[in-house]
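These protein sequence lines are chains A and B, in that order.
Residue 1 is where the first sequence starts when you use the working numbering, and the numbers rise one by one after that.
Residue 110 is where the second sequence starts when you use the working numbering, and the numbers rise one by one after that.
Beta carbons: idealized from backbone N, C-alpha and C, even for Gly.
For reference, the structure is listed below as structure tokens.
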Amino acid sequence: RKEVEQDPGPFNVPEGATVAFNCTYSNSASQSFFWYRQDCRKEPKLLMSVYSSGNEDGRFTAQLNRASQYISLLIRDSKLSDSATYLCVVNRGSYIPTFGRGTSLIVHP
Amino acid sequence: GAGVSQSPSNKVTEKGKDVELRCDPISGHTALYWYRQSLGQGLEFLIYFQGNSAPDKSGLPSDRFSAERTGGSVSTLTIQRTQQEDSAVYLCASSPGQAGERGYTFGSGTRLTVV
Chain A
1 RKEVEQDPGP FNVPEGATVA FNCTYSNSAS QSFFWYRQDC RKEPKLLMSV
51 YSSGNEDGRF TAQLNRASQY ISLLIRDSKL SDSATYLCVV NRGSYIPTFG
101 RGTSLIVHP
Chain B
110 GAGVSQSPSN KVTEKGKDVE LRCDPISGHT ALYWYRQSLG QGLEFLIYFQ
160 GNSAPDKSGL PSDRFSAERT GGSVSTLTIQ RTQQEDSAVY LCASSPGQAG
210 ERGYTFGSGT RLTVV
């Protein structure tokens, strides 16, 4: 089993839709979690950290389920500008973060 | 500087030549990471520096790859005798000692093409 797994997609949704991605991780000792966004031919940029209690930033909500070892990202009211690849990042305390291969999102008019 | 700076942004080299890629992390960030990303692929960890500790080189794909970090700041990734499979975007990231909620900040990368 890969350390961090994501559905590569693409998720193709209309503007205004709600879309959710999951990311599973294999190491139960994982301690910190992030979602990154990567636009085509650009570097990854931090979207949000993921806290145990769940957290929200505008249209974006992140959740952590330690029992089932997955994190999720929910995007409400999708915008065309949300089209990108979303990377899940897990750090198991060794301070070397592991990146998932990403989920591609395409928002169309 | 305000962000992570990488140079050059693009590098085309002939097979068999050596290349040096530079990363200047955010001032005060003690942790520095090198990743590479091939077209359409995920990020592959290469090497990690934390302060003055010995680097974690567990991700380096062969002994042709090496990296150093001088004075706890600027890092140089060197690839000797480049091969076509080395073609990729090489990304550098830095973070405070523990990433916490601030995560990792990436530079814009060096796109290496070996011809």
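Just curious, the beta strand (DSSP E) that residue i is in, first and last residue?
i                        : result
tyrosine 95 of chain A   : Careful: tyrosine 95 of chain A lies outside any beta strand (DSSP E) and carries neither H nor E.
glutamine 6 of chain A   : 4–6
histidine 110 of chain A : No statement about residue 110 of chain A is possible, as the shown extent of chain A runs from 1 to 109 and does not include it.
threonine 222 of chain B : 219–223
cysteine 201 of chain B  : 197–204
valine 128 of chain B    : 128–133
threonine 18 of chain A  : Taken as a continuous stretch (DSSP letters only), threonine 18 of chain A belongs to no beta strand (DSSP E), as it is neither H nor E.
valine 50 of chain A     : 45–50
alanine 163 of chain B   : No beta strand (DSSP E) holds alanine 163 of chain B; DSSP gives it neither H nor E.
lysine 120 of chain B    : 119–122
arginine 169 of chain B  : According to the sequence provided, residue 169 of chain B is leucine. The question's arginine does not apply to it. It is not in any beta strand (DSSP E) - leucine 169 of chain B carries neither H nor E in the DSSP assignment.
arginine 178 of chain B  : 174–178
arginine 145 of chain B  : 140–146
leucine 73 of chain A    : 70–75
proline 14 of chain A    : 11–14
Starting from residue i, find everything on chain A with Cβ-Cβ shorter than 8 Å and list it in chain order.
i                      : result
serine 217 of chain B  : Lys42, Glu43
leucine 221 of chain B : None at all; the shortest Cβ gap to chain A is about 14 Å.
Roughly how many whole angstroms lie between the Cα atoms of residue i and residue j?
i                           : j                         : result
arginine 37 of chain A      : lysine 166 of chain B     : 26 Å
proline 164 of chain B      : valine 13 of chain A      : 43 Å
serine 32 of chain A        : isoleucine 75 of chain A  : 21 Å
arginine 110 of chain A     : serine 171 of chain B     : Residue 110 of chain A is absent from the model: chain A starts at 1 and stops at 109.
tyrosine 144 of chain B     : alanine 197 of chain B    : 10 Å
glycine 58 of chain A       : lysine 124 of chain B     : 48 Å
cysteine 231 of chain B     : glycine 180 of chain B    : Nothing can be reported for residue 231 of chain B, as the shown portion of chain B is limited to 110 through 224.
arginine 178 of chain B     : glutamine 192 of chain B  : 24 Å
glutamate 15 of chain A     : threonine 214 of chain B  : 29 Å
leucine 105 of chain A      : alanine 208 of chain B    : 26 Å
alanine 20 of chain A       : valine 113 of chain B     : 31 Å
glutamine 115 of chain B    : valine 224 of chain B     : 22 Å
phenylalanine 11 of chain A : alanine 84 of chain A     : 10 Å
glutamine 63 of chain A     : leucine 148 of chain B    : 30 Å
alanine 17 of chain A       : asparagine 119 of chain B : 38 Å
glutamate 56 of chain A     : leucine 73 of chain A     : 10 Å
lysine 202 of chain B       : valine 128 of chain B     : The amino acid at residue 202 of chain B is misidentified as lysine; the sequence shows alanine. Their backbone Cα atoms lie some 19 Å apart in a straight line.
leucine 221 of chain B      : isoleucine 135 of chain B : 23 Å
glycine 50 of chain B       : leucine 186 of chain B    : A query on residue 50 of chain B cannot be resolved here, the shown segment of chain B reaching from 110 to 224 and no further.
leucine 80 of chain A       : valine 90 of chain A      : 27 Å
arginine 190 of chain B     : proline 117 of chain B    : 18 Å
Against residue i, what residues of chain B qualify as contacts under a CB-to-CB distance less than 9 Å, listed in chain order?
i                     : result
leucine 64 of chain A : Neighbours of leucine 64 of chain A on chain B: none; closest Cβ ~13 Å, over 9 Å.
Could you work out which residues of chain A lie near residue i, taking near to mean beta carbons separated by less than 7 Å?
i                        : result
glycine 212 of chain B   : Phe34, Leu46, Ser49
glutamine 192 of chain B : Those do not exist, as glutamine 192 of chain B stays about 23 Å from chain A at its closest Cβ, beyond 7 Å.
alanine 197 of chain B   : Ordered by position in chain A, no residue passes the 7 Å Cβ test against alanine 197 of chain B, which lies about 13 Å from the chain.
So which residues on chain A does residue i lean against when the C-beta distance must stay under 9 Å?
i                        : result
glutamine 159 of chain B : Tyr95
leucine 200 of chain B   : Glu43, Pro44
alanine 111 of chain B   : Correct list: empty, because the minimum Cβ distance to chain A is about 14 Å.
Tell me the DSSP bridge mates of residue i?
i                        : result
glutamate 111 of chain A : With chain A running from 1 to 109 in the structure shown, residue 111 of chain A is simply not present.
cysteine 88 of chain A   : A:Trp35
serine 184 of chain B    : B:Cys132, B:Arg178
tyrosine 25 of chain A   : A:Val4
serine 114 of chain B    : B:Asp133
threonine 214 of chain B : B:Ser203
glutamate 153 of chain B : B:Arg145
When you check each C-beta in the region 141–156 of chain B against every C-beta of chain A, which residues fall closer than 8 Å?
-> Tyr142, Tyr144, Gln150, Gly151, Leu152, Phe154
What residues from the region 78–105 of chain A come within 7 Å of chain B, judged by C-beta to C-beta, listed N to C?
-> Asn91, Tyr95, Ile96, Pro97, Phe99, Gly100, Arg101, Gly102
With 9 Å as the C-beta to C-beta threshold (strictly closer), list the residues of the region 164–185 of chain B near chain A in chain order.
-> Asp165, Ser167, Gly168
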